[in-house]
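Quick notes on the structure that follows.
Below, the structure written as structure tokens:
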């Protein structure tokens, strides 16, 4: 059975409430941990996919080197641990750093620290044994500090459903959010200015990977992007770009559901519909953000700002709702242990599946986009959504075609896709802008208003058609 685990982010105050509930009972252990992370000033190790830390527990010092991300599969054992005598990195031939990064070893210096108290429990849920640990403390980078309070649930023996049943019991006592960041990642982010938004990570797949593995990687990446931007939204409320990227993440996730639909079963449909509900609630706030950026009159600005604040509060309320919290746990349970994983079709090499999926999406766009001028506004909007699905699928699978020809064609394809999205987006603004303005009592815009004044619709349709034709003329990077 593959390892089943779940990380939950909570606040320190809510953690105290959980302890008081006695759900977990008394901890079997409680220890202080202090970790110092090392890298060069240019973050050379992080960029290469490695981390190096020295952990102090009591009087003992243990150094750990980890290969993370794309680097991990290159090693039979992607983690190297050894006792050390001091807070100075000690590199030997057993670890990869001395041979791979010999020239930068003298430049290693402490960058940030993690100071936590770890408590552990052994929980029994419906006969299954689950290790529970809680780390509470802070990440420290110079003068910057970030509070950390996270729970880790790991199934040691029994059924995956029991681990998630325990997670739901915890979620019924305190608000929980699915954790997607390691403390190492938090430390590196703390070194930089607080991000205004997080774009999607690059997908790392290999031609030998199966369809099932590829789906879990892609869906996990989409969910991670959503959660990172949701966290920014909760902290800053008016983070417009984070709101946009959260919606992008949900669209990407629903595209993954659509592309892999033949292999996923009925539960995937329910989850996709639930994420559509959440994306729709975020959409109202995003529409107002766009309208605000295009509006210049003081009267319109005041009305929109009030509506914008209301929509942002509604979006935050939706993210914090019991329905959304249950959805996050449901999705992660299904992704890690759903019945769809038993389908033999998931064992097919993903490179073959990807080529067929991209062909299908391209054919649909070509068939329905032959004559944009002859379509209705709603039909052109559907073309825009179909183009986005093709774009996201290209981003999912582009790494599988990594020879020079494939990457050259992918670059041309991506450029053509970006031009198409720009033109279709402008056309969509022209059509929907007045509708959004009217919804908020701004139907009569001033003569000089810049928001959605009349433009040459025929010209925009022509430009969109030209961009679509250019995209379809671009050589397939997957063939």
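Numbering (the numbering used here), first residue to last: -17 to 461.
Ideal placement from N, C-alpha and C gives every residue a C-beta, glycine not left out.
In the three-state reduction of the DSSP assignment, residue 262 falls in the helix class. Non-local beta-carbon contacts of residue 68 in its own chain, meaning distances under 8 angstroms to residues more than five positions away in sequence, involve 43 in chain order. DSSP places residue 378 inside the alpha helix (DSSP H), whose first and last residues are 359 to 379. Judged by their CB atoms, residue 153 and residue 311 are nearer to each other than the 8 angstroms cut-off. With three or more CB-CB distances shorter than 8 angstroms, the segment 113 to 127 counts as touching the segment 91 to 104. Under the criterion of beta carbons closer than 8 angstroms, residue 264 and residue 286 do not qualify as touching, at roughly 17 angstroms. In the structure shown, residue 167 adopts helical secondary structure according to DSSP, grouped into three states.
For residue 100 against residue 15, the beta-carbon gap comes to about 6 angstroms, under 8 angstroms, which counts as contact. Around the C-beta of residue 228, 16 or more other C-beta atoms lie within 10 Å, and the residue is accordingly described as buried. With a contact defined as Cβ atoms closer than 8 angstroms, residue 398 and residue 341 miss out at about 17 angstroms.
By the Cβ test, the segment 298 to 310 is not in contact with the segment 325 to 343, since fewer than three Cβ pairs between them sit closer than 8 angstroms. Judged by DSSP secondary structure, residue 119 falls within the beta strand (DSSP E) whose first and last residues are 110 to 123.
Of the residues assessed, residue 41 falls on the exposed side of the cut-off, its CB having fewer than 16 other CB atoms within 10 angstroms. Residue burial is scored here from C-beta neighbours: residue 71 has at least 16 other C-beta atoms within 10 angstroms and is therefore classed as buried. With fewer than 16 neighbouring CB atoms inside 10 Å of its own CB, residue 85 falls in the exposed class. Residue 372 and residue 446 do not touch by the CB rule: their CB atoms are close to 15 angstroms apart, not below 8 angstroms.
Distance between residue 455 and residue 385, taken at the CA atoms: about 21 angstroms.
A residue is called buried when at least 16 other Cβ atoms come within 10 angstroms of its Cβ; residue 288 does not meet this threshold and is exposed. Contact between residue 459 and residue 352 does not hold, since their C-beta atoms are separated by about 23 angstroms, which reaches or exceeds 8 angstroms. Taking a cut-off of 8 angstroms for Cβ pairs, the segment 154 to 163 and the segment 11 to 26 do not touch, as fewer than three such pairs fall below it. Around the beta carbon of residue 108, a 10 Å sphere encloses fewer than 16 other beta carbons of the protein chains shown; the residue is thus reported as exposed. Of the other Cβ atoms in all chains shown, fewer than 16 fall within 10 Å of the Cβ of residue 10; this residue is therefore exposed.
The C-alpha of residue -11 is placed about 14 angstroms away from the C-alpha of residue -3. Remark: C-beta atoms of residue 297 and residue 267 approach each other more closely than 8 angstroms.
Scanning its chain for C-beta atoms nearer than 7 angstroms, with the 5 sequence neighbours on each side dropped, one finds around residue 161 the residues -11, -10, -9, 132, in chain order. In this structure, residue 113 places its C-beta atom within 8 angstroms of the C-beta atom of residue 102.
Counting other Cβ atoms within 10 Å of its Cβ, residue 189 stays below 16 and is therefore classed as exposed. Closest in C-alpha terms to residue 240, from the list 217, 216, 200, 209, comes 200.
Close CB contacts of residue 202 within its chain, under the 8 angstroms cut and outside five residues either way in sequence, are with 317 (chain order). Here the alpha carbon of residue 257 sits roughly 31 angstroms from the alpha carbon of residue 6. Separation of residue 60 and residue 147 (C-alpha to C-alpha, rounded to the nearest whole angstrom) is 31 angstroms. The bridge partners DSSP lists for residue 33 are 48.
In the structure shown, residue 6 adopts coil according to DSSP, grouped into three states. DSSP, read as helix, strand or coil, puts residue 322 in helix. In this structure, residue 205 and residue 253 do not form a Cβ contact; the two beta carbons are roughly 11 angstroms apart against a cut-off of 8 angstroms. The C-alpha of residue 246 lies about 42 angstroms from the C-alpha of residue 36.
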